[in-house]
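J.:
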Amino acid sequence: MALKVLVGCKRVIDYAVKIRIKPDKLGVVTEGVKHSMNPFDEIAVEEAMRMKEAKLVNEIIVVSCGPAQAMETIRTALAMGADRGIHVEIPLDQMDTFQPIHVSKVLAKLAEQEKVDIVMLGKLAIDDDSNQTAQMTASLLNWPQGVFASKIDKTDAGLEIIREVDGGLETIRTTLPAVLSADLRLNEPRYATLPNIMKAKKKKVVKMKPADLGVDMAPRIQVVSVEDPPVREAGQTVSDVDDLVAKLKDKGFSSA
Amino acid sequence: AVMRGVPQLLSRARLVRAGFSASEPVLAVQAGILQPDKFTQTFVQIRGLKSSKVIYQAPLTAVDIADSGKQLKQELEAIVGPGNVSSGESVVLQHGQDEGPHPGKSPDIVVFPSSTGEVSEVCKICTRHNVPIIPYGTGTGLEGGISAVEGGVCVNVSKNMNKILQIHQEDFSAVVQPGISREMLNQEMRADGLWFPVDPGADASVCGMCATGASGTNAVRYGTMKENCLNLEVVLADGRIIHTAGIGSRPKKSSAGYNLTSLFLGSEGTLGIITSATICLHAIPESVAAAVVGFPTVQNAVDTVVMTLQCSVPMARMELLDEVQMKACNEYSGLSYPETPHLFLEFHGSESEVESQTETVRDIAADNEGGEFQWAVQQEDRTKLWTARHRAYYADIALRPGCRSLTTDVCVPVSALPDLVTATKADIAENGLIGPMVGHVGDGNFHTMLLFDPADPEEFRKCKEVANKMARSAIALGGTCTGEHGVGQGKMALLEEQFGKDGIDVMRQIKGALDPQQLMNPGKVFSRN
Chain Y
1 MALKVLVGCK
11 RVIDYAVKIR
21 IKPDKLGVVT
31 EGVKHSMNPF
41 DEIAVEEAMR
51 MKEAKLVNEI
61 IVVSCGPAQA
71 METIRTALAM
81 GADRGIHVEI
91 PLDQMDTFQP
101 IHVSKVLAKL
111 AEQEKVDIVM
121 LGKLAIDDDS
131 NQTAQMTASL
141 LNWPQGVFAS
151 KIDKTDAGLE
161 IIREVDGGLE
171 TIRTTLPAVL
181 SADLRLNEPR
191 YATLPNIMKA
201 KKKKVVKMKP
211 ADLGVDMAPR
221 IQVVSVEDPP
231 VREAGQTVSD
241 VDDLVAKLKD
251 KGFSSA
Chain X
257 AVMRGVPQLL
267 SRARLVRAGF
277 SASEPVLAVQ
287 AGILQPDKFT
297 QTFVQIRGLK
307 SSKVIYQAPL
317 TAVDIADSGK
327 QLKQELEAIV
337 GPGNVSSGES
347 VVLQHGQDEG
357 PHPGKSPDIV
367 VFPSSTGEVS
377 EVCKICTRHN
387 VPIIPYGTGT
397 GLEGGISAVE
407 GGVCVNVSKN
417 MNKILQIHQE
427 DFSAVVQPGI
437 SREMLNQEMR
447 ADGLWFPVDP
457 GADASVCGMC
467 ATGASGTNAV
477 RYGTMKENCL
487 NLEVVLADGR
497 IIHTAGIGSR
507 PKKSSAGYNL
517 TSLFLGSEGT
527 LGIITSATIC
537 LHAIPESVAA
547 AVVGFPTVQN
557 AVDTVVMTLQ
567 CSVPMARMEL
577 LDEVQMKACN
587 EYSGLSYPET
597 PHLFLEFHGS
607 ESEVESQTET
617 VRDIAADNEG
627 GEFQWAVQQE
637 DRTKLWTARH
647 RAYYADIALR
657 PGCRSLTTDV
667 CVPVSALPDL
677 VTATKADIAE
687 NGLIGPMVGH
697 VGDGNFHTML
707 LFDPADPEEF
717 RKCKEVANKM
727 ARSAIALGGT
737 CTGEHGVGQG
747 KMALLEEQFG
757 KDGIDVMRQI
767 KGALDPQQLM
777 NPGKVFSRN
């Protein structure tokens, strides 16, 4: 009854990096900038690993769509314990127009080809904050979805998932196969240790292109502009309460 | 003759240097004693008071005045840029106060250099003006090490010099600038299987940790800063730049020349400014397990520690929390540990090694009246288990809202620990104080958080008395007055006791050779004479 899991990992700009907008205002500077695995994807890989350690899962396939450097992300996932990898190659100049809809189609195709039982993703990527891929993948596959998962348990019939929603926590049950997305409190991911990093170098990674999966890359979204948030203005010191009240009225914060 | 309304000198420092106490409300100026400068000479000419004593009243805060202060500022701005020199009130205030209980003195000017070259030029300027130089990293020290007791220029080397210069994975070493803190370094390397294990409580600057000889909870396995530093780039007071182990050197061992790296490690900014550090990295352990076990007495806990070390179990962390600390932790974090001394343990290694280590220690603990042995392997469970220890300081402050803590720091041979702890607890009780204890018991190093009301100087005095007594006992037992926090200002007298006059005189001679004008962080570690 051991399950097969397909985990999606995205290579994004490291969360600690100070982001700078490109001069053409159509994106951010990525050249020479530190990248790492999307933190929510780390949580997804970790959850798959825990299922494997609990003998619920017997194979973890990690997939990443991106340029040559996406291999680093795949190797990190392999160092965390994934069994093999798939690198869907997207040339660097096409990365700007490679969008969640395309990723979903790739993942859906791979999920069918590999006959997986669970597609596990991070809930969103910290570069575009889209929060679309898991949902669209489920829709394309016509599989149930358990997104924003903060706890996942196996039941006889499938899975029981606790989801983090605005009002609190929601518990749902799904059958398998299913698409899941990891939220922050699902687990604390393990670090890749040196022996595992070395072992990961020997694990198999297969390369392919979106065309091999019959996915057309035409963009559906056009980025019009990317801008910095407004610069913080200097504050004003007020001399007394009356001054403060007058200023509040001026700025329209008080109608009295 | 009394003169009022005379603008006071920027160099409060200069007056102190000339032998006048900066804390006296009246500053005495004797014509001819001060180094000749425009102000003194003019004054003497006008008044014709060549050899008379003149007294003038001046408030103590240094204020920029017409000539010498402005000149200094301009010269500094020419080196680091006008945006990187400040004498603004909140800026200098922040740069004179660290996280300890002692009120700090603000420097006169703060500069933010962007390179080692700039730091060197800044030092040359300060030397020319005879103005103190105070290096500043993250300001997270506990012993008042950054307090500008004689005013001067604070050199903040962390703001603009914040790069990891090199990471050498296969050699397990890295070169970092002062702006890199230990957590920043670990974040950077987290996917590479490496970590920097020295972990003092604060997220301190790695170079700052070199300056204070810092240590942390896993020194028992991985060592302190002293065992993890291969080389330092240091700027001396006169602007010379040296590399303590050789230029660009980073071998694991060397017999070349005097061990200057050791000299500067722990020198607390009194010999030079550290502008980069070459440090040792370690492999992230394959498997980590955490355990917590309670004991009826501190003696039982320490016996467990001693036996564990004797069995050569390569423990990663061994922390002792006394019953007062456990009570505080229970109340603060909503836990329900028995209020007895507890050991918090961590095991690193491969899965099988960790399992066998845990078994060994479980048995030793049981042999020493240990209670329930709780342990965890999963990351979140380990975090939960260690929550009590991680939040210890805040739990202590919460025992008496509004209070502050005088955190003591002594280190003795492990065998002497139970006696010292017992004597200290008796002393704390006698003085009616609250003093929870946390100890890196594998090193024989422990801290008491002596709580005091900041508005009650008598209580603070009692805390200081207990702390001093503890340090004296530690010295008498073959230990040291400070295990990891450094001497700063508060323990200068204790240092004399520990080393004796000749020992301190050698330190004075070394300082005199490297910093003849006594500009580097004055008023710290030991007195001038």
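Residue numbers (this note's numbering), protein chains in the order written: chain Y, 1 to 256; chain X, 257 to 785.
Built from N, CA and C at the ideal position, the CB exists for glycine as well.
1. List the residues that DSSP assigns as beta-bridge partners of A539(X).
2. What number of angstroms, rounded off, separates the C-alpha of C667(X) from the C-alpha of H385(X)?
3. Mind reading off the beta-carbon distance from P210(Y) to V88(Y)? Whole number of angstroms is fine, and I expect it under 8 Å.
4. How many Å lie between L770(X) and N412(X) at the Cα?
5. What number of angstroms, rounded off, separates the C-alpha of P552(X) from the C-alpha of T596(X)?
6. Whose C-alpha, out of P144(Y), D14(Y), P189(Y), is nearest the C-alpha of E636(X)?
7. Would you kindly report the start and end of the unbroken alpha helix (DSSP H) that includes F40(Y)?
8. Kindly indicate if chain X contains any beta-carbon less than 7 Å away from that of A54(Y).
9. What does E112(Y) touch in chain X if you count any residue whose Cβ is under 9 Å from its own?
10. According to DSSP, is G504(X) helix, strand or coil?
11. E374(X) to C382(X), Cα distance in whole Å?
12. Could you tell me whether the segment 648-664 of chain X touches the segment 689-708 of chain X, where touching means 3 or more Cβ pairs closer than 8 Å?
13. Assuming the contact rule is C-beta atoms closer than 8 Å, G605(X) and Q613(X) should be a hit. Round their C-beta distance to whole Å, please.
14. Does the Cβ-Cβ distance between M445(X) and M465(X) come in under 7 Å?
15. DSSP three-state call for D153(Y): helix, strand or coil?
16. Only counting the same chain, and skipping five residues up and downstream in sequence, which positions put a Cβ closer than 7 Å to that of H102(Y)?
17. Tell me, please, which residues DSSP counts as bridged to V116(Y).
18. Do F629(X) and V549(X) come within 7 Å of each other at the CB atom, strictly closer than that value?
19. Can a CB atom of chain Y be found closer than 7 Å to the CB of I540(X)?
20. How about the segment 404-411 of chain X and the segment 349-362 of chain X: do they share at least three Cβ pairs that are nearer than 8 Å?
21. In whole angstroms, give me the CA-to-CA distance for L213(Y) and E53(Y).
22. Tell me, please, whether the segment 103-118 of chain Y touches the segment 35-43 of chain Y by the rule of three or more beta-carbon pairs shorter than 8 Å.
23. Determine, for G449(X), whether the minimum Cβ-Cβ distance to residues of chain Y falls below 7 Å.
24. Have a look at R438(X) and P219(Y) and give me their C-alpha separation to the nearest angstrom.
25. For the beta strand (DSSP E) containing N412(X), list its first residue and its last residue.
26. Could you tell me the alpha carbon to alpha carbon distance between D153(Y) and K55(Y), rounded to whole angstroms?
27. Taking only runs of the beta strand (DSSP E) that begin and end inside the segment 131-178 of chain Y, which ones reach a length of at least 3 residues, in chain order?
28. Listed from N- to C-terminal order along the chain, which residues in the segment 175-188 of chain Y have their beta-carbon within a distance smaller than 8 Å of any beta-carbon of chain X?
29. If we ignore side chains and look at the alpha-carbon of each, how far apart do D128(Y) and Q99(Y) end up?
30. Rounded to a whole number of angstroms, what is the C-alpha to C-alpha distance between G235(Y) and V366(X)?
31. Could you tell me whether the Cβ of Q635(X) comes closer than 7 Å to any Cβ of chain Y?
32. Distance check for S343(X) and A723(X), CA to CA, integer angstroms please.
33. Could you check whether the Cβ of R645(X) sits closer than 7 Å to any Cβ belonging to chain Y?
34. Could you tell me how far apart the beta carbons of G746(X) and G400(X) are, in whole angstroms, since I believe they sit closer than 8 Å?
35. Verify whether the separation of the beta carbon atoms of R647(X) and S568(X) is less than 7 Å.
T.: Reading off the structure:
1. Within the second sequence, residue 539(X) is the residue found at index 283, counting from 1. Answer is L450(X), bridged to A539(X).
2. Position 411 of the second sequence, counted from the start, is the residue given in the question as residue 667(X). Position 129 of the second sequence, counted from the start, is the residue given in the question as residue 385(X). Using only the alpha carbons, I get a separation of about 40 Å.
3. Taking the first residue of the first sequence as position 1, residue 210(Y) is located at position 210. Taking the first residue of the first sequence as position 1, residue 88(Y) is located at position 88. Sure, about 6 Å apart at Cβ, within 8 Å.
4. To locate residue 770(X), count along the second sequence from 1; it is residue 514. To locate residue 412(X), count along the second sequence from 1; it is residue 156. One C-alpha to the other measures close to 21 Å.
5. Taking the second sequence and counting its residues from 1, the one referred to as residue 552(X) is at position 296. Taking the second sequence and counting its residues from 1, the one referred to as residue 596(X) is at position 340. Taking the straight line from one Cα to the other gives about 6 Å.
6. Looking up residue 636(X) in the second sequence gives position 380. Nearest of P144(Y), D14(Y), P189(Y) to E636(X), Cα basis: P189(Y).
7. For the purposes of this step, residue 40(Y) is taken as the residue at position 40 of the first sequence. F40(Y) -> alpha helix (DSSP H) spans 39-53.
8. Here the question's residue 54(Y) lines up with position 54 in the first sequence. No - not a single Cβ of chain X is within 7 Å of the one on A54(Y).
9. Mapped onto the first sequence, residue 112(Y) falls at position 112. Chain X residues near E112(Y): none, gap ~31 Å exceeds 9 Å.
10. Looking up residue 504(X) in the second sequence gives position 248. In this structure, G504(X) counts as coil in the three-state DSSP scheme.
11. Within the second sequence, the letter at position 118 stands for residue 374(X). Within the second sequence, the letter at position 126 stands for residue 382(X). Each residue's alpha carbon lies about 12 Å from the other.
12. yes
13. Along the second sequence, one-based indexing puts residue 605(X) at 349. Along the second sequence, one-based indexing puts residue 613(X) at 357. With 8 Å as the limit, G605(X) and Q613(X) qualify as a contact, their Cβ atoms being about 7 Å apart.
14. Translated into positions along the second sequence, residue 445(X) becomes position 189. Translated into positions along the second sequence, residue 465(X) becomes position 209. Contact flag unset, no.
15. Position 153 of the first sequence, counting from 1, holds the residue named residue 153(Y). D153(Y) falls in the strand class under three-state DSSP.
16. For this step, residue 102(Y) is matched to residue 102 along the first sequence. Cβ within range, chain order: P210, V215, M217.
17. As a first step, residue 116(Y) must be located in the first sequence, where it is residue number 116. None; V116(Y) has no bridge partner.
18. Residue mapping note: residue 549(X) aligns to position 293 of the second sequence, counting from 1. Residue mapping note: residue 629(X) aligns to position 373 of the second sequence, counting from 1. Yes, these two residues count as a Cβ contact at 7 Å.
19. As a working mapping, residue 540(X) is identified with position 284 in the second sequence. Taking Cβ atoms only, chain Y reaches closer than 7 Å to I540(X), which makes this a yes.
20. yes
21. On the first sequence, position 213 is the one that residue 213(Y) refers to. On the first sequence, position 53 is the one that residue 53(Y) refers to. Distance between L213(Y) and E53(Y), taken at the CA atoms: about 31 Å.
22. At 8 Å Cβ cutoff, the stretches do not touch.
23. Along the second sequence, read from residue 1 onward, the residue named residue 449(X) stands at position 193. So yes, G449(X) belongs to the interface.
24. The count along the second sequence starts at 1 and reaches residue 438(X) at position 182. The count along the first sequence starts at 1 and reaches residue 219(Y) at position 219. The straight-line gap from Cα to Cα measures roughly 43 Å.
25. Reading the second sequence from its first residue, position 156 is the one you call residue 412(X). Counting along the chain, the unbroken beta strand (DSSP E) around N412(X) starts and ends at 409-412.
26. Position 153 of the first sequence holds residue 153(Y). Position 55 of the first sequence holds residue 55(Y). When rounded, the distance between both Cα atoms is 13 Å.
27. For secondary structure counted as the beta strand (DSSP E) over 3 or more consecutive residues, the segment 131-178 of chain Y holds these complete runs in sequence order: 145-154, 158-165, 168-175.
28. N187, E188
29. Along the first sequence, read from residue 1 onward, the residue named residue 128(Y) stands at position 128. Along the first sequence, read from residue 1 onward, the residue named residue 99(Y) stands at position 99. Computed Cα separation, rounded: 10 Å.
30. The count along the first sequence starts at 1 and reaches residue 235(Y) at position 235. The count along the second sequence starts at 1 and reaches residue 366(X) at position 110. CA-CA distance, G235(Y) to V366(X), rounds to 23 Å.
31. Within the second sequence, numbered from 1, the residue matching residue 635(X) stands at position 379. So yes, Q635(X) belongs to the interface.
32. In the second sequence, the residue the question calls residue 723(X) occupies position 467. In the second sequence, the residue the question calls residue 343(X) occupies position 87. Between A723(X) and S343(X), the C-alpha separation is close to 35 Å.
33. Residue 645(X) sits at position 389 when you count from the first residue of the second sequence. Closer than 7 Å: no.
34. Position 490 of the second sequence, counted from the first residue, corresponds to residue 746(X). Position 144 of the second sequence, counted from the first residue, corresponds to residue 400(X). Right, their Cβ atoms sit about 6 Å apart.
35. In the second sequence, counting from the first residue as 1, residue 647(X) sits at position 391. In the second sequence, counting from the first residue as 1, residue 568(X) sits at position 312. No, the Cβ-Cβ distance between R647(X) and S568(X) is not below 7 Å.
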